[in-house]
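Only one structure is covered here, and it is reproduced in the block below.
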Amino acid sequence: MTRRALARTLVYLSLILATLVVLLPLTVVLLTSLKTDDELARGDQALSLPDDFLNVHNYVTAFQDGHMLSAFGNTAVILLFSIAGTVLIGSMTAYAIDRFTFRLRKLVVALFLLAALVPGVTTQVATFQIVNGFGMFDTLWAPIALYMGTDIVSIYIFLQFVRSIPVSLDESARLDGANAFTIYRRIIFPLLKPAIATVVIVKGITVYNDFYIPFLYLPSQDHGVISTSLFRFKGPFSAHWETISAGAILVILPTLIIFLALQKFIYNGFTRGATR
Amino acid sequence: MADLAHQTTRAPGRGGARKGTRPGRPAPVPARPPRRARLLRGLTPWLFLLAPLALLITFTYVPIVNMVGYSFTDWDGVSPELRYTGGENYRELATRPDLFEVFFVSGYYLAASAVQIVAALYFATILSFNVRFRNFFKGVLFFPYLINGVAIGFVFLYFFQDGGTLDSVLALFGVHTDHAWLGTPVSANTSLAGVSVWRYLGLNFVLFLGAIQSIPGELYEASELDGANRWHQFRHIIAPGIKPVLTLTVILSVSGSLAAFEIPYIMTGGATGTETFVIQTVKLAFQFNKTGLASACAVVLLLIVLAVTWIQRRLVPDDRVDLT
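Top line first, the protein sequences correspond to chains A and B.
Per this note's numbering, residue 2 is the first one in the first sequence, and the count goes up by one each step.
Per this note's numbering, residue 4 is the first one in the second sequence, and the count goes up by one each step.
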């Protein structure tokens, strides 16, 4: 019995330790974001509390001088288009692959599969030239096209769901004279709602957090998304940890709120999306 | 695979097969649809695949082919002329140790992945049994994975600063270091690899948790009747039950370690010996305009990642990954 109690204590200790490791760096940054310039200059320890917990001055600075408003705007535009595109493209691909038998079908499937194995970071040297050739460099279309074009995970998620929709539904609609497009639009797409929710969540988080693609393709400040705009804090605010902290918290906050609101769906989305 | 069934139930596109409709059922489709309709039907799947395939080929396959092409040239990425130099770039890669040295940095990330997988497995196992505040702990462990990489970079730059969080915490325990965490190659790389454990542990944890929870509960009960303890249960029920996810995680960790970019680039920009292969490639291509050499680097990395993936597929043939 005592051995069991000891084991339980160790389990809880390890969990508390992990919680501290996760939350401590974030908490300290939150505290720092509420401190004034002087408080930091005093050489206080990082763990000390701010004098005034309601000091939002740094947030105002970060938001205005860091061009965060346009960054959130650009991110929103990219999110909207790339998610809508991913949903459409993923569901159409899944429908075509699962519901039709046609020549070269195996080849098409293999093309999509093989692309999943190619890590995006490796091919950007050459992708860059293509994007540049289309004149999309430094426009929001570059990330949108790239996010839409290469999302194999969402195609796979849609494929799983299309398979679970009985073919008899398609057939009875076909007897009523519906063509393939009507079937896709009226029957398949509406029944894909749970898959769409999953894809929206997984894709949304990936796009919101991505750094590499906007960093390469959107160099001008007007086209900063939240990650590149935050990255630019490094120069002008390099010594001003209170402003950098406020910027970081501003970027983390939306994620936290959405996570708390949609916890269950997010876990499901990731187990479904990543295990493929 | 499941398509065999479909094929038999709807093959009107292929014509003749339906000539003799089953008795008692009025033929809904004309025995042989007119040519145009047949043509249209054959085209339908391609109409759905038009946009997806165009994007896939433009942004994945054309770049790969081009990249292999560039890797045999001395192109700078801008000028209209490019000279074919044969295997020169690859020779340079193989003979200049500084270009290949960056792979040793991946070793830190590989070691970190091992720590990460073991820790994720431990937490997934204990949290799949009854523990108080389970959802809270689950949320805390997973949340870092959802945070923006740049924000994480800044949080940890501050964390590792002189007199920053880490030093303050150590001071609480009476340990005083006057040691810049990101100042020497070994401690900088260890610190950065630590950050990536912090960041990615949650994903592995959630994947393992999902797999463990899909194991039927009766198995545990039955094993308990047989006198199995937690370790036995882990060894004989959980470990085999999550093998597919485990191998997938290993493969993702290996290719992730080789392609480490965000955290080191954001935090140190590759200074003090923290440059990874991808940082080097990006710098070669976009700062030094050595598109040819950078392409050769990218081809090498791509081949290594594909090789690792291929080995894993060979080792675990029962993988559920199939798109058919």
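All residues carry an ideal CB built from backbone N, CA and C; glycine is no exception.
Quick caveat, the model's predicted, so the values are computed rather than measured.
Beta-bridge partners of B:Y87, as assigned by DSSP: Position 84 of the second sequence holds residue 87 of chain B. BP columns for B:Y87 point to B:T76.
Under the three-state reduction of DSSP, which class applies to B:P48: helix, strand or coil? To locate residue 48 of chain B, count along the second sequence from 1; it is residue 45. Helix, per DSSP.
Short check: CB of A:S230 to CB of A:H58, under 8 Å? For the purposes of this step, residue 230 of chain A is taken as the residue at position 229 of the first sequence. For the purposes of this step, residue 58 of chain A is taken as the residue at position 57 of the first sequence. Between A:S230 and A:H58, the C-beta spacing is not below 8 Å.
Taking Cβ to Cβ, would you say A:G270 is nearer than 8 Å to A:V203? If you number the first sequence from 1, residue 270 of chain A lands on position 269. If you number the first sequence from 1, residue 203 of chain A lands on position 202. In this structure, A:V203 lies closer than 8 Å to A:G270 by Cβ.
Taking just the CA atoms, how far does B:P243 sit from A:R273? If you number the first sequence from 1, residue 273 of chain A lands on position 272. If you number the second sequence from 1, residue 243 of chain B lands on position 240. Taking the straight line joining both Cα atoms gives about 20 Å.
Residues of chain B with CB closer than 7 Å to the CB of A:W242, please, in chain order. Translated into the one-based positions of the first sequence, residue 242 of chain A becomes position 241. Near A:W242 (Cβ distances below 7 Å), the residues of chain B are Y161.
Can you tell me which of the three DSSP states B:E227 falls into? On the second sequence, position 224 is the one that residue 227 of chain B refers to. Residue state, collapsed to three classes: helix.
Spell out whether any CB of chain B is found under 8 Å from the CB atom of A:Q222. Translated into the one-based positions of the first sequence, residue 222 of chain A becomes position 221. No, A:Q222 does not count as interfacial toward chain B.
Quick check on A:D171: buried or exposed, where buried means 16 or more other Cβ atoms within 10 Å of its Cβ? Position 170 of the first sequence holds residue 171 of chain A. That one is buried.
Just list the alpha helix (DSSP H) runs in the region 81-159 of chain A, keeping only unbroken ones of 4 residues or longer that don't cross its boundaries, in chain order. Segments of the alpha helix (DSSP H) lying fully in the region 81-159 of chain A: 106-118, 121-134 and 142-150.
Using beta-carbon positions only, say whether A:D223 and A:S71 come within less than 8 Å of one another. In the first sequence, the residue the question calls residue 223 of chain A occupies position 222. In the first sequence, the residue the question calls residue 71 of chain A occupies position 70. In contact: A:D223 and A:S71 (Cβ atoms closer than 8 Å).
Option nearest B:F75 by Cα separation, candidates B:T168, B:E95, B:L43 and B:V257: In the second sequence, the residue the question calls residue 75 of chain B occupies position 72. If we check each option's Cα against that of B:F75, B:E95 comes out closest.
How is A:T272 classed by DSSP in three states: helix, strand or coil? Here residue 272 of chain A is taken as the residue at index 271 of the first sequence, counted from 1. Residue state, collapsed to three classes: helix.
According to a CB-to-CB cut-off of less than 7 Å, which residues of the region 64-94 of chain A neighbour chain B? I90, M93 and T94
Indicate whether A:V122 and B:F264 have their beta-carbon atoms separated by less than 8 Å. The sequence position of residue 122 of chain A within the first sequence is 121, counting from 1. The sequence position of residue 264 of chain B within the second sequence is 261, counting from 1. The answer is yes: Cβ separation under 8 Å.
Taking all protein chains shown into account, do 16 or more other C-beta atoms lie within 10 angstroms of the C-beta of A:R100, making it buried, or fewer, making it exposed? Taking the first sequence and counting its residues from 1, the one referred to as residue 100 of chain A is at position 99. Classification for A:R100: buried.
Just checking: is the beta-carbon of B:A30 within a distance shorter than 8 Å of some beta-carbon in chain A? Counting from 1 along the second sequence, the entry for residue 30 of chain B is found at position 27. Caution applies to B:A30, whose pLDDT of 47 falls short of 50 and renders its modelled position unreliable; the value that the coordinates give is listed next. No, B:A30 does not count as interfacial toward chain A.
Considering B:K286, what are the terminal residues of the alpha helix (DSSP H) in which it resides? Mapped onto the second sequence, residue 286 of chain B falls at position 283. Unbroken alpha helix (DSSP H) run through B:K286: F280 to F289.
Would you please verify whether the beta carbon of A:V12 is less than 8 Å from any beta carbon of chain B? Start at 1 with the first residue of the first sequence, and residue 12 of chain A comes out as number 11. True, the Cβ-Cβ gap to chain B drops below 8 Å.
Taking its Cβ as the centre, do 16 or more other Cβ atoms sit within 10 Å of A:P215, making it buried, or is it exposed? For the purposes of this step, residue 215 of chain A is taken as residue 214 along the first sequence, with counting starting at 1. Counting every other CB atom within 10 Å of its CB across the protein chains shown gives A:P215 a total of 16 or more, marking it as buried.
Does the Cβ-Cβ distance between B:A214 and B:V257 come in under 8 Å? For this step, residue 214 of chain B is matched to residue 211 along the second sequence. For this step, residue 257 of chain B is matched to residue 254 along the second sequence. Contact flag unset, no.
Below 9 Å on C-beta distance, what does B:V2 contact in chain A? There is simply no residue 2 of chain B to check, as chain B begins at 4 and stops at 327 in what is shown.
Three-state class that DSSP yields for A:T229 in the structure shown: Position 228 of the first sequence, counted from the first residue, corresponds to residue 229 of chain A. Here A:T229 sits in helix by DSSP.
Find out if the Cβ-Cβ distance for the pair B:G80, B:T294 is shorter than 8 Å. On the second sequence, position 77 is the one that residue 80 of chain B refers to. On the second sequence, position 291 is the one that residue 294 of chain B refers to. It is a contact, given that the beta carbons lie within the stated cut-off.
Quick one: what's got a C-beta closer than 8 Å to A:I250's C-beta in the same chain, skipping five residues either side? Within the first sequence, residue 250 of chain A is the residue found at index 249, counting from 1. Counting only Cβ-Cβ distances below 8 Å, and skipping sequence neighbours, we find V30, L31, S34 and Y60.
Within a Cβ cutoff of 7 Å, which residues of the same chain sit near B:A127, ignoring the five residues on either side of it in sequence? For the purposes of this step, residue 127 of chain B is identified with residue 124 of the second sequence, where counting begins at 1. Within the same chain, and ignoring the five residues on either side of B:A127 in sequence, the residues whose Cβ sits closer than 7 Å to its Cβ are F208, F211, L212 and I215.
Given a cut-off of 8 Å, decide if B:I218 and B:I240 are closer than it, judged by their beta-carbon atoms. The sequence position of residue 240 of chain B within the second sequence is 237, counting from 1. The sequence position of residue 218 of chain B within the second sequence is 215, counting from 1. In contact: B:I240 and B:I218 (Cβ atoms closer than 8 Å).
Looking at the unbroken alpha helix (DSSP H) that takes in B:N138, where does it start and where does it end? Translated into the one-based positions of the second sequence, residue 138 of chain B becomes position 135. Unbroken alpha helix (DSSP H) run through B:N138: R137 to L149.
Which residues bound the alpha helix (DSSP H) around A:D39? Along the first sequence, read from residue 1 onward, the residue named residue 39 of chain A stands at position 38. A:D39 -> alpha helix (DSSP H) spans D38 to A42.
Assumed close pair A:M93, B:P55 - CB separation to whole angstroms, cut-off 8 Å: The sequence position of residue 93 of chain A within the first sequence is 92, counting from 1. The sequence position of residue 55 of chain B within the second sequence is 52, counting from 1. Their Cβ separation, rounded to whole angstroms, is 6 Å, which keeps A:M93 and B:P55 in contact under 8 Å.
Nearest-angstrom Cα distance between B:G348 and A:Y268? In the structure displayed, chain B extends from 4 to 327; residue 348 of chain B sits before or after that span and is not available.
Quick one, which of A:V132, A:G178, A:L193 and A:A179 has its alpha-carbon nearest A:F162's? Locating residue 162 of chain A in the first sequence gives position 161, where the first residue counts as 1. For the residues A:V132, A:G178, A:L193 and A:A179, the minimum Cα distance to A:F162 belongs to A:L193.
Taking its Cβ as the centre, do 16 or more other Cβ atoms sit within 10 Å of B:S131, making it buried, or is it exposed? Counting from one through the second sequence, the residue named residue 131 of chain B turns up at place 128. The residue is buried, with at least 16 neighbouring Cβ atoms inside 10 Å.
Name the chain A residues that come within less than 8 Å of B:G2, Cβ to Cβ? Shown here, chain B extends from 4 to 327; a query on residue 2 of chain B therefore has no answer.
Our contact map puts B:G205 next to B:L144 with C-beta atoms below 8 Å; I'd like the distance itself, whole angstroms only. The sequence position of residue 205 of chain B within the second sequence is 202, counting from 1. The sequence position of residue 144 of chain B within the second sequence is 141, counting from 1. Indeed, because the Cβ distance is near 5 Å, the residues count as touching under 8 Å.
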